[in-house]
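There are 2 protein chains.
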Amino acid sequence: MFNIVEKDLRERIKEVAVEHFNSNGYHGTTIRNIARDVNCSLPMIYYYYNNKKELFDEIIKKEYFDLLKRQAALLRTNNIIDFYTKFVYDLNSLSNYDKKVYRLGIKVYLSFDGDEELMEIMDEWEKTILPRHYQILKPYLKNADNDLAIVRTLVHLLETLIESIVVKNRFLSEEEIREEISIVLHGCE
Amino acid sequence: MFNIVEKDLRERIKEVAVEHFNSNGYHGTTIRNIARDVNCSLPMIYYYYNNKKELFDEIIKKEYFDLLKRQAALLRTNNIIDFYTKFVYDLNSLSNYDKKVYRLGIKVYLSFDGDEELMEIMDEWEKTILPRHYQILKPYLKNADNDLAIVRTLVHLLETLIESIVVKNRFLSEEEIREEISIVLHGCE
DNA sequence: TGATAATCCTAACGAACGTTAAATAAGGAG
DNA sequence: CTCCTTATTTAACGTTCGTTAGGATTATCA
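Protein chains in written order, with this note's numbering: chain A, 1 to 189; chain W, 190 to 378.
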């Protein structure tokens, strides 16, 4: 009746699971510990999720990819360097939950967790990355010979910056982000 | 007596352990499976290593950091772009064992495995990275205002390239490596 | 050869795991 | 009030885990 203050149990389970999978990996996470932190009984987790793997998969397939798409949708601006700087800088203020989902996704992306099925989904997504950034950068690129290399380098740099913020949980200032992106995109303004 | 063909059992255990920790993570790896693949009895692993964690720690503390130091020692040349290109390119031909040790180390570095003690060792090493590359790049840097940013960007790019080769197990051609490094180090020749 | 130390094995321990059966509680519909 | 669905619990199943006790085998060398 007055269950407004308390989130849906199913959702709370998922949130705690993100925390645990993040800190202890798939095999290091136990349903019992999740239940303890959620403050519910152990079988309740089986009431909402068929098994451990299904819980993990839902986090990656829904939460992580939703997050990626939300991030990708942000991408519009006039100045290309401002644009990418803001894109990375805003990751600093991602919610803790989103950061952990992101981190977990990167873990699967690097084959540090998850299984082959999830990896295939990751590969599919990865194929879209370079073309997408190429489209964004196209109007700003000048000489045709190393255009693709610039896009590749930028994507590589973005990867490390994202990793720093999301995985290593560091704060990167707008200035240092801008400096590095400017070095790769020098001449593109 | 004629044990020449067969490697030291202790060493073989470690090699198989690298394989398992790599594929399944710390918690996903079982002593029993290691023993099976080594073709020895289960308690033999406890004969050479006090417990599972000690086995894992030895791989990171000895094998991984030995590898990092071996790699860092390679760094001398005339042309700075050639130099870094070769540095990355040569990772392609690392032995499978070394690649797996490297991968495992990165996993710990990103806090995806291991514990806090190992993380501290990682942090110590990390502090040496920027100064070391700054020393190497110093003679080639020109204007003082964004010198440090160039070093940082290069180190970040190197990180992703290393991850591509070692973690994602991709082959990167010398040309694409050179292109990306040249973009970051444009003007430094 | 025979003692001593280094290797190696079979067998088992207790604990923790993923998962499920079965019962109970709560809440609205008729 | 009864019935039925949904939500939740206690208790346990079988399995696998890390680890160890205790004995067997093999090498070393006086």
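For every residue, glycine included, the Cβ atom is placed at its ideal position computed from N, Cα and C.
**8 Å CB neighbourhood of residue 343(W) in its chain, flanking five on each side removed** = As a working note, residue 343(W) is residue 154 in the second sequence. Answer for residue 343(W): 273, 322, 326, 370, 373 and 374, listed in chain order.
**Request:** Give me the Cα-Cα distance between residue 316(W) and residue 297(W), rounded to the nearest whole angstrom.
**Result:** Taking the second sequence and counting its residues from 1, one reaches residue 316(W) at position 127. Taking the second sequence and counting its residues from 1, one reaches residue 297(W) at position 108. For residue 316(W) and residue 297(W), the distance between alpha carbons rounds to 16 Å.
**Item:** Exposed unless 16 or more other CB atoms sit within 10 angstroms - verdict on residue 341(W)
**Value:** Position 152 of the second sequence, counting from 1, holds the residue named residue 341(W). So residue 341(W) counts as buried.
**Partner residues on chain A for residue 287(W), Cβ-Cβ distance less than 7 Å** = Here residue 287(W) corresponds to residue number 98 of the second sequence, with the count starting at 1. Neighbours of residue 287(W) on chain A: none; closest Cβ ~18 Å, over 7 Å.
**Item:** Any chain A beta carbon closer than 8 Å to residue 294(W)
**Value:** For the purposes of this step, residue 294(W) is taken as residue 105 along the second sequence, with counting starting at 1. Residue 294(W) does not count as touching chain A.
**Request:** Could you check the C-alpha separation between residue 143(A) and residue 79(A) for me, to the nearest Å?
**Result:** Position 143 of the first sequence, counting from 1, holds the residue named residue 143(A). Position 79 of the first sequence, counting from 1, holds the residue named residue 79(A). Rounded to the nearest angstrom, the two C-alpha atoms are 19 Å apart.
**Request:** Below 7 Å CB to CB, which residues in the same chain sit around residue 52(A) once its five sequence neighbours on both sides are set aside?
**Result:** Residue mapping note: residue 52(A) aligns to position 52 of the first sequence, counting from 1. 31, listed in sequence order.
**Request:** Give me the Cβ distance between residue 69(A) and residue 18(A), rounded to the nearest whole Å; I'm assuming they're in contact under 8 Å.
**Result:** Translated into the one-based positions of the first sequence, residue 69(A) becomes position 69. Translated into the one-based positions of the first sequence, residue 18(A) becomes position 18. In fact, because the Cβ distance is near 18 Å, the residues do not count as touching under 8 Å.
**Prompt:** Under a three-way DSSP split, which group does residue 141(A) fall into?
**Reply:** By one-based count along the first sequence, residue 141(A) stands at place 141. Three-state result, residue 141(A): coil.
**Prompt:** Does any residue of chain A bring its CB to less than 8 Å from the CB of residue 299(W)?
**Reply:** Start at 1 with the first residue of the second sequence, and residue 299(W) comes out as number 110. It does; some Cβ of chain A falls within 8 Å.
**Item:** Same chain, Cβ closer than 8 Å to residue 377(W), neighbours up to 5 away in sequence not counted
**Value:** The residue you call residue 377(W) lines up with position 188 of the second sequence. Excluding positions up to five away in sequence, the list reads 269, 270, 326, 329, 330, 331 and 339.
**Prompt:** What distance in whole Å lies between the Cβ atoms of residue 97(A) and residue 15(A), which are believed to be in contact at a cut-off of 8 Å?
**Reply:** Counted from its first residue, the first sequence places residue 15(A) at position 15. Counted from its first residue, the first sequence places residue 97(A) at position 97. That pair is a contact at about 6 Å.
**Asked** Between the beta-carbon of residue 160(A) and the beta-carbon of residue 349(W), is there less than 8 Å?
**Response** Within the first sequence, the letter at position 160 stands for residue 160(A). Within the second sequence, the letter at position 160 stands for residue 349(W). Contact: yes.
**Message:** Against chain A, with Cβ distances strictly below 8 Å, would residue 226(W) count as a contact?
**Reply:** Stepping through the second sequence from its first residue, residue 226(W) is reached at position 37. With a threshold of 8 Å between beta carbons, residue 226(W) makes no contact with chain A.
**Request:** Quick one: which unbroken alpha helix (DSSP H) runs of 4-plus residues sit fully inside the region 233–299 of chain W? Chain order, please.
**Result:** 241–247, 254–262, 269–278 and 285–298
**Message:** Looking at residue 303(W): is its Cβ nearer than 8 Å to the Cβ of residue 223(W)?
**Reply:** Counting from 1 along the second sequence, the entry for residue 303(W) is found at position 114. Counting from 1 along the second sequence, the entry for residue 223(W) is found at position 34. Cβ distance not < 8 Å, so residue 303(W) and residue 223(W) don't count as in contact.
**Simplified DSSP assignment, three categories, for residue 170(A)** = Reading the first sequence from its first residue, position 170 is the one you call residue 170(A). Residue 170(A): coil per DSSP, three-state reduction.
**residue 183(A) at chain W interface by Cβ criterion, 8 Å** = Along the first sequence, one-based indexing puts residue 183(A) at 183. So, interface residue.
**Asked** Do you know how far the Cα of residue 36(A) is from the Cα of residue 194(W)?
**Response** As a first step, residue 194(W) is located in the second sequence; it is residue number 5 there, counting from the start. As a first step, residue 36(A) is located in the first sequence; it is residue number 36 there, counting from the start. Residue placement at residue 194(W) cannot be trusted, given a pLDDT of 36 that sits under 50; the coordinates are not used to answer.
**Message:** Can you pull out the residues from the region 322–351 of chain W whose beta carbon lies closer than 8 Å to at least one beta carbon of chain A?
**Reply:** 335, 338, 339, 341, 342, 345, 346, 348, 349 and 350
**Request:** Compare the C-alpha of residue 293(W) against each of 312(W), 246(W), 360(W) and 227(W) and name the closest.
**Result:** Stepping through the second sequence from its first residue, residue 293(W) is reached at position 104. Per the Cα distances, 246(W).
**Prompt:** Can you tell me whether residue 215(W) is buried or exposed, with buried defined as 16 or more other CB within 10 angstroms of its CB?
**Reply:** To locate residue 215(W), count along the second sequence from 1; it is residue 26. By the 10 Å Cβ count, residue 215(W) comes out buried.
**Prompt:** DSSP on residue 28(A), reduced to helix/strand/coil?
**Reply:** The count along the first sequence starts at 1 and reaches residue 28(A) at position 28. Three-state DSSP puts residue 28(A) in a helix.
**Request:** Indicate whether residue 112(A) and residue 301(W) have their beta-carbon atoms separated by less than 8 Å.
**Result:** Locating residue 112(A) in the first sequence gives position 112, where the first residue counts as 1. Locating residue 301(W) in the second sequence gives position 112, where the first residue counts as 1. Cβ atoms of residue 112(A) and residue 301(W): closer than 8 Å.
**Asked** residue 280(W) and residue 355(W): beta carbons closer than 8 Å?
**Response** As a position in the second sequence, residue 280(W) is number 91, starting the count at 1. As a position in the second sequence, residue 355(W) is number 166, starting the count at 1. The answer is yes: Cβ separation under 8 Å.
**Prompt:** Of all Cβ atoms in chain W, is any one closer than 8 Å to the Cβ of residue 20(A)?
**Reply:** Numbered from its first residue, the first sequence carries residue 20(A) at position 20. Under the Cβ distance rule, residue 20(A) does not count among the residues neighbouring chain W, no pair being separated by less than 8 Å.
**Request:** Pull up the distance between the alpha-carbon of residue 363(W) and that of residue 9(A), whole angstroms please.
**Result:** Position 174 of the second sequence, counted from the first residue, corresponds to residue 363(W). Position 9 of the first sequence, counted from the first residue, corresponds to residue 9(A). In a straight line, the C-alpha of residue 363(W) is about 52 Å away from that of residue 9(A).
**Message:** Please list the terminal residues of the continuous alpha helix (DSSP H) segment that includes residue 348(W).
**Reply:** One-based indexing of the second sequence puts residue 348(W) at position 159. Taken as a continuous stretch (DSSP letters only), the alpha helix (DSSP H) holding residue 348(W) covers 336–351.
**Request:** Report, in whole angstroms, the separation of the C-beta atoms of residue 335(W) and residue 179(A), which I expect to be a contact under 8 Å.
**Result:** Counting from one through the second sequence, the residue named residue 335(W) turns up at place 146. Counting from one through the first sequence, the residue named residue 179(A) turns up at place 179. Residue 335(W) to residue 179(A), Cβ: 6 Å. Contact.
**Asked** Any idea what DSSP makes of residue 211(W), helix, strand or coil?
**Response** Within the second sequence, residue 211(W) is the residue found at index 22, counting from 1. It is helical.
**Request:** Closer than 7 Å by C-beta to residue 20(A): which residues in its own chain qualify, once you throw out the five before and the five after it? Chain order, please.
**Result:** Counting from 1 along the first sequence, the entry for residue 20(A) is found at position 20. For residue 20(A), where only same-chain residues beyond five positions count, the Cβ hits under 7 Å are 29, 33 and 34.
**Prompt:** By Cβ distance, which residues of its chain are closer than 6 Å to residue 120(A), with the 5 residues on each side in sequence left out?
**Reply:** The count along the first sequence starts at 1 and reaches residue 120(A) at position 120. No residues qualify anywhere along the chain.
**Item:** Alpha carbon of residue 148(A) to alpha carbon of residue 365(W), nearest angstrom
**Value:** Within the first sequence, the letter at position 148 stands for residue 148(A). Within the second sequence, the letter at position 176 stands for residue 365(W). Residue 148(A) and residue 365(W): Cα-Cα distance of roughly 10 Å.
**Request:** Identify whether residue 226(W) lies in helix, strand or coil by the three-state DSSP scheme.
**Result:** Within the second sequence, the letter at position 37 stands for residue 226(W). Correct three-state label for residue 226(W): helix.
**Asked** Assuming residue 13(A) contacts residue 46(A) under a Cβ cut-off of 8 Å, what Cβ separation, rounded to an integer in Å, is found between them?
**Response** As a first step, residue 13(A) must be located in the first sequence, where it is residue number 13. As a first step, residue 46(A) must be located in the first sequence, where it is residue number 46. The Cβ separation is near 10 Å, so there is no contact.
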